[in-house]
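J.: My questions all concern the structure below.
Chains as they are written, first to last, in the numbering used here: chain A, 149 to 416; chain B, 3 to 532.
See the structure below:
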């Protein structure tokens, strides 16, 4: 396991001010100076994962240890095929490791029943992907509201519909998409889709944001803006962020960096 | 909430899935139409069957019948109590009907001759409603009316006393002409004859011929008389009718197309004509007795089975003719008692009560409800409906496989969406519900459209049949076959609901497998799916 210290925090683009980025994530915000700051929010040890292709077994992760401190911006870097996305999927409980343990807020999560893992993904984790993964049949606003719709039953959602919608609008306003509420994903640019995906990942007030190469499919300018939004969330809201990237310049801005080489952690 | 939202969006954006439910729509529409028509036919048939047959028929096995009908009636009244609405005693006997047609030929028909009491027969059935003369519909009568038969029928031949007199006048004139021709021919052949004497004798022969066949309903009954020879020349058919008889319309007519292609009835006899009947007497063994009767009305229930086999005459006249009375005890005999129950009374329980009072081992009586008597017909209609329903439901089941295939395609297409939902924390059960909900809404839309099409088709079925006839040039609904002028339909709510529920269930069942596949998708693999 290797926990690299934050290498650089110099801004690439001008950071939005606190007024520009309203506090819409009050639930899990950790107060500055509290004991929890710097504690382990996500911890994994000795993770193994391999995939079978016919009769051949391909090892992807081979004894990976990982720690994400509460309120920290952690980057996972590595070349294509190094296992960084697989690691993120294991951390996000989207997949189960062959061996090893994952702890979230001190609670082991890798061996939970599927429904409990679903609940953790829905309520405590936010996820953003390289290819945005918005639902094409829904509008931007509906996409953002989707995690809430999943977590709340029909009547509960219906009763508090306007409150949830107001919150989603605020988030969309925060990421600069307030003019695209009723557009379908196919009517948005890549940068806009990723912003919508960020808004969606934040709607349930997650404790942890997992990002899988969020700028990998964007041009430089959009990439910077997306990154800056994430940085601001991390800085202003103390939101723990784990981001997979192959861009070392981006990784340089993280508080800590984990480098994967052929399924094993190497010194960053 | 997300399940509803996504099901609804998929329904709105995936029109190809709507194409897969066209067969559900057609199946539902066809089922509704077929059931409405079958129910219409059944109800119409039931109405007419029950209109002619009373609810329960209490009949003797023998042609002689049973005596003391009033005593039997009293006992039946005691058994049925308040359930009873009316009763009448009848005599039912097979008869041969000879209808005179041209050139001294007779058309012979086998009929079931029923002797009815005009005063009480209306209590047990709607028999009177099916008579052609409006007066007879109000009050059954076996007296020939002057005219006014079948005012609603356009091409019904002129009938009644006026017609009868005209016909007899014409026949007599014709006979005189023929007699004169014959006399002339004999004179020319050298046979000396007195032409005036010949003419007179011909006329009296003609008169005797017709009166010979006439029987007087008012004359004193002579049970030993085999013919009406004793009364010859006592009655003039110009002024007297014989005993009245009411014939089923198909007994004395034939429905066919005329030269213009129009369907119409051709009558061999009609009210005002005299016909001969031959029936077995009540003796043992029975012997044949015949009489001449006057057709006083026709009976048209539009149930071909009845219209082609039934004939009615006054009960007492038939009893007299068959010798159904006991001179010593002055008891008259009847072959059956027809019983009408109040609406809503259970027919079978009433029948069972009567059967337990008159057990078959001790009493030679057959006690049946009208449904028992028409069992084969009703069962055949029921069987036909059942088979059609099974076949048509199979069509919807085939549609189910279409839905299954389309759904599999849609699930494959939506693999990434499933991955996204699972990544956002949607449980497998929720993902499955989306596709089940989608199947449910497809089934609902399919059967809903089918319902509308089916109901519209039923509402305009006769116009559609006419349009198809016009298009194809062939009769779709031939009134000569069915005796209905229009296709009868009844839309029964439980049937429609059953069809709808069945169709929706099939759509849901067809979406179970694809939905399970979606639910089992691995989120990581689904997210990577291109």
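Every residue, glycine too, gets a C-beta built ideally from N, C-alpha and C.
Give me the Cβ distance between residue 113/B and residue 311/B, rounded to the nearest whole Å; I'm assuming they're in contact under 8 Å.
T.: That belief holds up - the Cβ atoms of residue 113/B and residue 311/B are roughly 6 Å apart, short of 8 Å.
J.: Please classify residue 284/B: does DSSP put it in a helix, a strand, or coil?
T.: Residue state, collapsed to three classes: coil.
J.: Since residue 30/B and residue 456/B should fall inside the 8 Å C-beta cutoff, what is the C-beta to C-beta distance between them, to a whole number of angstroms?
T.: Confirmed, about 6 Å.
J.: I want to check one thing, is the minimum distance from the CB of residue 469/B to the heavy atoms of the ligand FAD below 7 Å?
T.: Because no ligand of any kind appears in the structure shown, any question about the ligand FAD cannot be addressed here.
J.: Would you mind telling me which residues of chain A sit closer than 7 Å to residue 462/B, beta carbon to beta carbon, in chain order?
T.: Per Cβ cutoff of 7 Å: no residues; residue 462/B is ~39 Å from chain A at best.
J.: If I'm right that residue 247/B touches residue 305/B with Cβ under 8 Å, what's the distance once you round it to whole angstroms?
T.: With 8 Å as the limit, residue 247/B and residue 305/B do not qualify as a contact, their Cβ atoms being about 19 Å apart.
J.: Taking 8 Å as the CB-CB limit, is residue 410/A close to chain B?
T.: Cβ-Cβ to chain B under 8 Å: no for residue 410/A.
J.: What does residue 419/B touch in chain A if you count any residue whose Cβ is under 7 Å from its own?
T.: Within chain A, the residues near residue 419/B are 283.
J.: Residues of chain A with a CB under 7 Å from the CB of residue 422/B: which are they?
T.: Under the 7 Å cutoff, chain A gives 281 and 283.
J.: By the three-class DSSP mapping on this structure, what secondary structure does residue 176/B have?
T.: Looking at residue 176/B - three-state DSSP - the assignment turns out to be helix.
J.: Please list the residues of the stretch 287-321 of chain A that have a C-beta atom closer than 8 Å to any C-beta atom in chain B, keeping them in chain order.
T.: Result list: 290, 294, 295, 297, 298, 299, 300, 301, 302, 305 and 306.
J.: Can you say whether residue 110/B is buried or exposed, counting buried as having 16 or more other CB atoms within 10 angstroms of its CB?
T.: By the 10 Å Cβ count, residue 110/B comes out exposed.
J.: Which residues in the same chain have their Cβ closer than 7 Å to the Cβ of residue 327/B, if we skip the five residues on either side of it in sequence?
T.: For residue 327/B, where only same-chain residues beyond five positions count, the Cβ hits under 7 Å are 321, 333, 334 and 335.
J.: Name the DSSP beta bridge partners of residue 256/A, please?
T.: DSSP lists 251/A as partners of residue 256/A.
J.: Which residue's Cα is closest to the Cα of residue 307/B: 51/B, 4/B and 14/B?
T.: Looking at the Cα atoms, 51/B is the closest of the given residues.
J.: Can you name the start and end residues of the alpha helix (DSSP H) that residue 377/A belongs to?
T.: Unbroken alpha helix (DSSP H) run through residue 377/A: 368-385.
J.: Say whether chain A places a C-beta atom closer than 8 Å to the C-beta of residue 408/B.
T.: For residue 408/B, the answer is no, since every Cβ of chain A falls outside 8 Å of its Cβ.
J.: Give the interface partners of residue 525/B over in chain A, defined as CB-CB distance under 7 Å, in chain order.
T.: The answer, in chain order, is 242.
J.: Going by Cα to Cα distance, which pick from 273/A, 241/A and 378/A is closest to residue 259/A?
T.: For the residues 273/A, 241/A and 378/A, the minimum Cα distance to residue 259/A belongs to 241/A.
J.: Determine which residues share a DSSP beta bridge with residue 114/B and list them.
T.: Bridge partners of residue 114/B: 96/B and 312/B.
J.: Going residue by residue through the stretch 293-364 of chain A, where are the continuous beta strand (DSSP E) segments of at least 3 residues, counting only ones entirely within it?
T.: For the stretch 293-364 of chain A, whole beta strand (DSSP E) runs of length 3 or above, ordered along the chain, are 356-360.
J.: Tell me whether the stretch 326-333 of chain A and the stretch 358-374 of chain A touch, counting them as touching only if at least three CB pairs, one residue from each stretch, are closer than 8 Å.
T.: In short, these stretches do not touch, since the Cβ pair count stays below three.
J.: Could you tell me if residue 200/A is buried or exposed, where buried requires 16 or more neighbouring beta carbons within 10 angstroms of its beta carbon?
T.: Its Cβ having fewer than 16 others within 10 Å, residue 200/A is exposed.
J.: Are any of the Cβ atoms in chain B nearer than 8 Å to that of residue 275/A?
T.: It does: the Cβ of residue 275/A has a partner Cβ on chain B nearer than 8 Å.
J.: Looking only at its chain, what residues have a beta carbon closer than 8 Å to the beta carbon of residue 374/A, apart from the 5 residues adjacent to it on each side?
T.: Cβ within range, chain order: 339, 342, 343, 346, 362, 363 and 366.
J.: With residue 210/A as the anchor, note down where its beta strand (DSSP E) starts and where it stops.
T.: Here the beta strand (DSSP E) through residue 210/A covers 204-217.
J.: Mind listing the chain B neighbours of residue 262/A? Cutoff is C-beta to C-beta under 9 Å, in chain order.
T.: Neighbours of residue 262/A on chain B, chain order: 429 and 430.
J.: Counting Cβ pairs closer than 8 Å, one from the stretch 336-345 of chain B and one from the stretch 71-79 of chain B, do we hit at least three?
T.: Verdict: yes, contact present.
J.: What residues of chain B sit near residue 246/A, judged by a beta carbon separation below 8 Å?
T.: Per Cβ cutoff of 8 Å: no residues; residue 246/A is ~14 Å from chain B at best.
J.: Pick out the complete alpha helix (DSSP H) segments inside the stretch 364-441 of chain B, 4 residues or longer, and give them in chain order.
T.: The stretch 364-441 of chain B contains these whole alpha helix (DSSP H) runs: 372-375, 377-415 and 417-425.
J.: How about the stretch 382-402 of chain A and the stretch 8-19 of chain B: do they share at least three Cβ pairs that are nearer than 8 Å?
T.: The stretch 382-402 of chain A is not in contact with the stretch 8-19 of chain B.
J.: Quick one: which chain B residues come within Cβ less than 7 Å of residue 394/A?
T.: None at all; the shortest Cβ gap to chain B is about 17 Å.
J.: Could you give the distance in angstroms between the alpha-carbon of residue 243/B and the alpha-carbon of residue 294/B?
T.: Approximately 10 Å between the Cα atoms of the pair.
J.: I think residue 151/B touches residue 273/B, with their Cβ atoms under 8 Å apart; what is that distance to the nearest whole Å?
T.: About 5 Å; that satisfies the 8 Å criterion.
J.: If you run the structure through DSSP and keep just helix, strand and coil, what is residue 278/A?
T.: Of the three classes helix, strand and coil, the one that applies to residue 278/A here is coil, per DSSP.
J.: Would you mind telling me which residues of chain A sit closer than 8 Å to residue 3/B, beta carbon to beta carbon, in chain order?
T.: Near residue 3/B (Cβ distances below 8 Å), the residues of chain A are 297, 300, 301, 302, 305 and 306.
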